[in-house]
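Protein chains in written order, with my numbering: chain A, 1 to 187; chain B, 188 to 384.
Backbone N, C-alpha and C fix where the C-beta goes; we use that ideal spot for every residue, glycine too.
Let me begin by presenting the structure, written as structure tokens, before commenting on it.
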Amino acid sequence: MNRPWDREPTPEQLAAYFDGELPEPDRVALEAWLATHPDGRAEVEALRQLHAQYDALPVPEPSPQRWDATYAAVEARLAPRGRNWTWAVLVAGLAAAVVGVLALPRGVAPIDVEPYPVVSADEVRIISMNPNDHRALVGVQALELNEVELVTHPDMEILGGATEEVVRIDDWATPMLVDTLALGGPR
Amino acid sequence: MSAGPAPNNSCPSDELLLKRFAGGERAALEELFTRYRQPAFRVAYRLLGNEADALDAVQEGFVKALTHLDGFQGRSSFKTWLLRVVGNAALDLGRQRGRREMHSLDRPERPDVVPEQLLRMEDHGRNLDQEDLRGQLTEALARLPEAQRQTFVLFADAGLSYREVAETLGISIGTVMSRLFYARQRLRALLTERVTP
């Protein structure tokens, strides 16, 4: 026998009921609770209306030509094994050799990191670079991409609650979402 | 709500396709692209509100997801990994191009009216027709904090379960529920704000 829902459900539980995410015993119990609680039913109805409105928003279907162009771009970027493969390898090897020769006299160790490119090179100005920052976050001031700098944990304030991934960096006014993909450093 | 075609017995699994792709098989890449381009596009489109930008994000997402496969292997499915990367690529693109461009969804139908003018016109307390509703929901979605917007779109548009959204974003199911709650609250509040004279 199912246990009764003997407490006021949280809004998240009502949403989980609407979303079909409650385990079956909880779903049955909450449904029974809703039968005697019009306020709860009104909340579920409001969710239904919101999603009906949202689902009515059209999402365009790209034309076959645009899909083909997008796929071709993906393929080109992922597969340097085309007809010019030999030339591409030779050119890449030559470029690497030149960079190596240029770097050696200065005694600069090669940096084998591959930061996640959240901005293009034109939008980046490195303010400071410390060897200890090689795994730092790439800080971007949202909306105004004038300055980009590397920041470490002491520079950040974690904003708690449901948005724990949102951090404020130094005195910047705009909190930004920080994701592990935005981490620089070796993978 | 939509999702890509689920693999069945007659379709190779994602894992097999990824192995073939790693071996240089072009057809495997094409199959993966065809399988997941729709949910990836829906997520990117909802986050950017523009078809061309969304396709750019899809392209960027596929490239990054497939060049950083070590980021998901053993911890999630390829679909959730891809949608995570596409979502992040879309958000990055949105930041670069500015939020104002996110509202360009309104422009094809009202090329002579900028969104700000459109919103002022819609603030006269008249009943909403379908076009008004579309513009206002798009505006409301664009105003959500990024974390809530991404969570809501992954759930509502990519058709992911709470668990899959949590896996995609690397957060707990409780955080998914909380973000969905706040996203819906804000969407409802923003819509109510718009329709109240």
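On the three-pair Cβ rule with 8 angstroms, is the region 47 to 57 of chain A touching the region 25 to 36 of chain A? no
Any beta carbon of chain B sitting closer than 9 angstroms to that of PRO9 (chain A)? no
Below 8 angstroms on the Cβ atoms is my guess for LEU169 (chain B) versus LEU78 (chain A); work out the distance and round it to an integer in Å. Any answer about residue 169 (chain B) is impossible in this case: the structure gives chain B only from 188 up to 384.
If I'm right that PRO25 (chain A) touches PHE228 (chain B) with Cβ under 8 angstroms, what's the distance once you round it to whole angstroms? Incorrect: roughly 38 angstroms between the Cβ atoms, too far for contact.
In terms of residue numbering, what span does the alpha helix (DSSP H) encompassing PRO226 (chain B) cover? 213 to 235
Below 8 angstroms on the Cβ atoms is my guess for LEU270 (chain B) versus ARG336 (chain B); work out the distance and round it to an integer in Å. Contact doesn't hold; Cβ gap of about 14 angstroms is too wide.
Just checking: is the beta-carbon of ARG229 (chain B) within a distance shorter than 9 angstroms of some beta-carbon in chain E? Any reference to chain E falls outside this structure, whose protein chains are A and B.
Contact defined as beta carbons within less than 8 angstroms: I believe GLY274 (chain B) pairs with LEU341 (chain B). What is the distance between those atoms, to the nearest angstrom? 7 angstroms
Using the beta-carbon count (16 or more within 10 Å), is PRO64 (chain A) buried or exposed? exposed
Near TYR369 (chain B), what residues of its chain come up, given a Cβ to Cβ distance below 7 angstroms and the 5 sequence neighbours on each side ignored? GLN335
Measure from the C-beta of TRP368 (chain B) to each C-beta in chain A and report whether the shortest distance is under 9 angstroms. It is worth fixing the name first, because residue 368 (chain B) is Phe in this sequence and not Trp. Taking Cβ atoms only, chain A reaches closer than 9 angstroms to PHE368 (chain B), which makes this a yes.
Any beta carbon from chain A within less than 9 angstroms of TYR232 (chain B)'s own beta carbon? yes
Leaving out the 5 sequence neighbours to the left and right, which residues in its chain are closer than 8 angstroms to LEU363 (chain B) when beta-carbon positions are compared? Looking at the sequence itself, residue 363 (chain B) is Val, so the reference to Leu does not match. So the list reads THR338, PHE342, TYR349, VAL352, ALA353, LEU356, once near-sequence residues are dropped.
Given that a residue counts as buried once 16 or more other Cβ atoms are within 10 Å of its Cβ, and exposed if not, what is ASP279 (chain B)? buried
Within 9 angstroms (strictly less), CB to CB, does PRO58 (chain A) reach chain B? yes
When you compare the CB of TYR71 (chain A) with every CB in chain B, is at least one pair closer than 9 angstroms? yes
Contacts that GLU217 (chain B) makes with chain A (C-beta to C-beta distance below 9 angstroms): TYR71, GLU75
ASP257 (chain B) to PRO38 (chain A) span [Cα, whole Å]: 50 angstroms
Does the beta carbon of ARG41 (chain A) come closer than 9 angstroms to any beta carbon on chain B? no
With DSSP as the reference, label ILE360 (chain B) as helix, strand or coil. helix
What residues from chain A crowd round PHE265 (chain B), counting only those whose CB sits closer than 9 angstroms? Here the premise fails: no neighbours, minimum Cβ distance about 14 angstroms.
Are the CB atoms of ALA214 (chain B) and LYS206 (chain B) nearer to each other than 9 angstroms? no
Can you tell me whether LEU57 (chain A) is helix, strand or coil according to DSSP? coil
Closest by C-alpha distance to ASP55 (chain A), when choosing among B:SER365, B:ALA345, B:ALA376: B:ALA345
Residues in the region 349 to 373 of chain B having any Cβ partner in chain A nearer than 9 angstroms: TYR349, ARG350, LEU356, GLY357, ILE358, ILE360, GLY361, THR362, MET364, SER365, ARG366, LEU367, PHE368, TYR369, ARG371, GLN372
Just to confirm the assignment, what range does the alpha helix (DSSP H) spanning ALA345 (chain B) have? Counting along the chain, ALA345 (chain B) falls outside any alpha helix (DSSP H), and DSSP gives it neither H nor E.
Within the continuous alpha helix (DSSP H) that includes GLY210 (chain B), where are the two ends? First-last for GLY210 (chain B): undefined, no H or E at that position.
Using beta carbons (cut-off 9 angstroms, strictly below), is PRO62 (chain A) in contact with chain B? yes
By DSSP, does VAL300 (chain B) sit in helix, in strand, or in coil? Legend: pLDDT at VAL300 (chain B) = 38, less than 50; position of this residue unreliable, no value from coordinates given.
Of the residues B:VAL250, B:TRP268, B:LEU347, B:ASP240, which one's Cα is nearest the Cα of ARG282 (chain B)? B:ASP240
Using a Cβ-Cβ distance cut-off of 9 angstroms, determine whether GLU201 (chain A) contacts chain B. Residue coverage of chain A in this structure runs from 1 to 187, which leaves residue 201 (chain A) outside it and unanswerable.
What does a CB cutoff of less than 8 angstroms around PRO4 (chain A) pick up in its chain, not counting 5 residues either side in sequence? ALA29, ALA32, TRP33
Are the C-beta atoms of ARG375 (chain B) and some chain A residue less than 9 angstroms apart? yes
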